[in-house]
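Undergrad: First the structure, then my questions, so here it is.
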Amino acid sequence: MKTRYGNKVYPLTAAQRLHFFYQQYCPKKQVLNIGTSVTIETEVNFEELKKAIYQAYDRCESMRLRFAKDKDGTCYQYVVKKEERDIEYVNFTGWKEEDAQNEMKKWTSVPFEKYDSPQNRIVMITTPDGYNGLYLLVDHMTMDAQSLIGFLKDIIELYCSSMYEGVNPPTATYSYLEQLKKDLAYEQGCKAQERDREFFHNLIETANPIYNDIDGVKRLMEVRREKKDDTLRAVKDVSESVDSNIAAFHLEAEPSRRLLEFCHENQVSMVCLLMMGLRTYFQKLNGYDEVSIVTTVARRATVKEKKSGGTRIHCFPFCTSVSKDDTFIEGIYKIRDGQNRLFRHANFDPVEYYGYRSKYYGFKEGETFEPMSLTYQPMTLQEKGLTQLGDIKYKTQWYPNGAAAHRLYLTVMHRSTDNGLDFNFEHQTGAYSYEKLEYFYYYLCKILFKGIENKDLKVGDILNLV
1 MKTRYGNKVY PLTAAQRLHF FYQQYCPKKQ VLNIGTSVTI ETEVNFEELK
51 KAIYQAYDRC ESMRLRFAKD KDGTCYQYVV KKEERDIEYV NFTGWKEEDA
101 QNEMKKWTSV PFEKYDSPQN RIVMITTPDG YNGLYLLVDH MTMDAQSLIG
151 FLKDIIELYC SSMYEGVNPP TATYSYLEQL KKDLAYEQGC KAQERDREFF
201 HNLIETANPI YNDIDGVKRL MEVRREKKDD TLRAVKDVSE SVDSNIAAFH
251 LEAEPSRRLL EFCHENQVSM VCLLMMGLRT YFQKLNGYDE VSIVTTVARR
301 ATVKEKKSGG TRIHCFPFCT SVSKDDTFIE GIYKIRDGQN RLFRHANFDP
351 VEYYGYRSKY YGFKEGETFE PMSLTYQPMT LQEKGLTQLG DIKYKTQWYP
401 NGAAAHRLYL TVMHRSTDNG LDFNFEHQTG AYSYEKLEYF YYYLCKILFK
451 GIENKDLKVG DILNLV
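Mapping of the sequence shown onto this note's numbering: position 19 corresponds to residue 19, and the numbering continues sequentially without gaps.
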């Protein structure tokens with residue numbers, strides 16, 4: 001299959017294959033859906049907004065992406081030249097706010113037809129409180145959170161430039177296919193790939209991970225008793241159901257600012273600080289110095305990578321070893337150094353990584369060392385844009401799709417209203433209750449603020465104090 005309806009086809013990238021793999025085995029195919037909305041507190045000319053949406057489609061190749069399957073069942077991708085679907089409008093005036101939110105959650109739980117069909121849906125909306133804007137649903141194989149936010153910004157800036165005098169149009173976007181070809185060239189074999197493979201194989205063979213649970217060592221001890229093996233360090237971390245929900249907790253603007261200031265003053269990333277807080281919580285509950293958590297890498301170092309759309313996220317386990325005699329800041333520096341080493345090799349195929357690790361440790365299906373994944377999303381609609389809106393208030397909202405491939409994901413994002421941090425725990429409902437995650441969040445915050453206020457305090461002392 002070289003072309004599809006006159007469009008050149010390309011293989012899936014490593015990032016796409018990871019998503020494609022777990023969607024295949026998930027009974028709820030909406031597991032890859034990402035739903036969001038952005039609305040502003042002013043009247044909107046919906047005809048002009050529709051024109052801006054079509055312009056944004058023209059500027060973003062990955063929003064015109066389609067998938068196809070050959071006779072052997074292999075999945076390919078191609079980009080159509082134009083997006084000509086009509087853009088819907090739904091007026092929620094007179095609805096209860098809760099009912100409108102539930103309606104958009106329903107939209108988010110409807111999977112896309114996988115082959116030769118659009119992988120996104122846009123609906124222009126008026127919300128019950130009089131805000132106007134749009135709802136956007138995308139398949140994760142075509143966009144990640146960063147590119148989705150970029151696409152929304154593009155629409156708004158195109159709209160503002162057409163409606164308001166003196167507002168400049170957005171800067172240029174870049175080709176998704178150009179970046180795709182670079183990724184595929186890497187995957188065909190090169191010295192960089194060989195170095196990356198050597199790094200990750202060595203990491204797997206020299207690490208000493210052990211499973212830590214948010215409830216403590218109970219699950220690991222049960223597995224050891226069942227298998228009569230006190231040396232086991234992994235558990236089968238799956239639930240009977242993939243039904244999911246999001247437990248969202250909102251950290252106020254002022255304490256969020258303190259966390260950001262700490263990162264700036266100590267030249268560390270928010271990811272490192274959050275990872276230190278999480279692993280210290282697990283250390284307290286389980287007693288192990290080694291804690292492994294899945295970390296996500298955006299792989300958007302260059303301007304072209306940042307503005308080319310698509311999904312570029314790679315996910316890898318990240319095992320940290322922090323002694324109780326280390327200070328809080330020393331633990332963060334260990335994490336920073338380890339993350340920097342991992343990021344340099346992050347183009348490596350995560351599917352190959354997990355395959356090698358499973359073979360090396362003799363994992364059976366579903367066995368793992370990691371109880372959760374962490375994603376920090378620094379990019380917001382406020383960042384380097386939307387300043388042209390002046391004092392106009394706007395809202396953003398993310399919607400659960402009702403399914404999760406794993407038990408627990410934590411996504412930390414900035415609110416559009418005040419730049420405070422939102423902690424979104426997407427969890428399988430059969431695995432964790434809201435109350436359990438509320439407890440987790442409460443102690444995570446206690447650890448984070450005790451640490452930033454006493455960065456030279458030993459981890460062991462922090463464990464005793466919280």
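For glycine and all other residues, C-beta sits at the position ideal for the given N, C-alpha and C.
Values in this document were obtained by computation on a predicted structure and should not be read as measured data.
My output table needs one value for Cys26: the three-state DSSP class, helix, strand or coil.
TA: In the structure shown, Cys26 sits in coil (DSSP, three-state: anything other than H, G, I, E or B).
Undergrad: Going by DSSP in three states, Lys8 sits in which element: helix, strand or coil?
TA: strand
Undergrad: Mark Tyr353 as exposed unless 16 or more other C-beta atoms lie within 10 angstroms of its C-beta, in which case mark it buried.
TA: buried
Undergrad: Taking the Cβ atom as the reference point for each residue, do Val351 and Phe21 lie within a distance shorter than 9 Å?
TA: yes
Undergrad: Ser292 and Phe369 - do their beta-carbons sit closer together than 9 Å?
TA: yes
Undergrad: Alpha carbon to alpha carbon, how far is Arg59 from Ile452?
TA: For Arg59 and Ile452, the distance between alpha carbons rounds to 43 Å.
Undergrad: Please state whether DSSP places Asp72 in a helix, a strand or coil.
TA: Note: Asp72 maps to coil in three-state DSSP.
Undergrad: Under the assumption that Cys319 contacts Ala145 (Cβ atoms under 8 Å), give the Cβ distance between them as a whole number of angstroms.
TA: In fact, because the Cβ distance is near 25 Å, the residues do not count as touching under 8 Å.
Undergrad: Where does Ile392 land, buried or exposed, given buried means 16+ other C-beta within 10 angstroms?
TA: exposed
Undergrad: Threshold first: 3 residues or longer. Then list the beta strand (DSSP E) segments lying entirely within the stretch 229-293, N to C.
TA: 244-250
Undergrad: Is DSSP giving Tyr323 helix, strand or coil here?
TA: Position check: residue 323 holds Ser in this sequence, whereas Tyr was assumed. In the structure shown, Ser323 sits in coil (DSSP, three-state: anything other than H, G, I, E or B).
Undergrad: Tell me Thr39's beta-bridge partners as DSSP assigns them.
TA: Gly133, Lys395
Undergrad: Quick check on Ala301: buried or exposed, where buried means 16 or more other Cβ atoms within 10 Å of its Cβ?
TA: Flag for Ala301 reads exposed.
Undergrad: Classify Lys307: buried if its beta carbon has 16 or more other beta carbons within 10 angstroms, exposed otherwise.
TA: buried
Undergrad: Among the candidates Leu65, Glu83, Leu260, whose CA atom is the shortest distance from the CA of Cys75?
TA: Closest by alpha carbon: Leu65.
Undergrad: Please return the same chain residues whose Cβ sits closer than 7 Å to the Cβ of Leu232, not counting the five positions on each side in sequence.
TA: So the list reads Val223, Arg224, once near-sequence residues are dropped.
Undergrad: Identify, in the order they occur along the chain, each residue of the same chain with its Cβ nearer than 8 Å to the Cβ of Lys50, setting aside the five sequence neighbours on each side.
TA: Ile87, Met124
Undergrad: Would DSSP call Lys384 helix, strand or coil?
TA: Here Lys384 scores only 47 on pLDDT, less than 50, and its place in the model is too uncertain to base an answer on.
Undergrad: Taking the alpha-carbon positions, what's the Gly385 to Glu367 distance?
TA: Because Gly385 carries a pLDDT of 49, less than 50, the predicted location of this residue cannot be relied on, and no value is offered for it.
Undergrad: Which whole-angstrom value is the C-beta distance of Tyr399 and Thr108, which I expect to be below 8 Å?
TA: 4 Å
Undergrad: Can you check whether the CB of Gln397 is closer than 9 Å to the CB of Ser147?
TA: no
Undergrad: I believe Thr126 touches Asn102 by the beta-carbon criterion, under 8 Å. Please report the beta-carbon distance rounded to the nearest angstrom.
TA: 17 Å between Cβ atoms; not a contact.
Undergrad: With respect to the alpha helix (DSSP H) encompassing Leu177, which residues constitute its N-terminal and C-terminal limits?
TA: 176-187
Undergrad: Hey, would you say Tyr115 sits closer than 9 Å to Glu83, going by beta carbons?
TA: no
Undergrad: Going by alpha carbons, who is nearest to Gln267 out of Phe67, Lys364, Leu203, Asp337?
TA: Asp337
Undergrad: Using CA atoms only, rank isn't needed, just tell me which of Glu198, Phe249, Leu285 is closest to Arg219.
TA: Leu285
Undergrad: Return the chain-ordered list of same chain residues with a C-beta closer than 8 Å to the C-beta of Gly362, the five sequence neighbours on each side being excluded.
TA: none
Undergrad: Just how far apart, CA to CA, sit Phe112 and Met63?
TA: 14 Å
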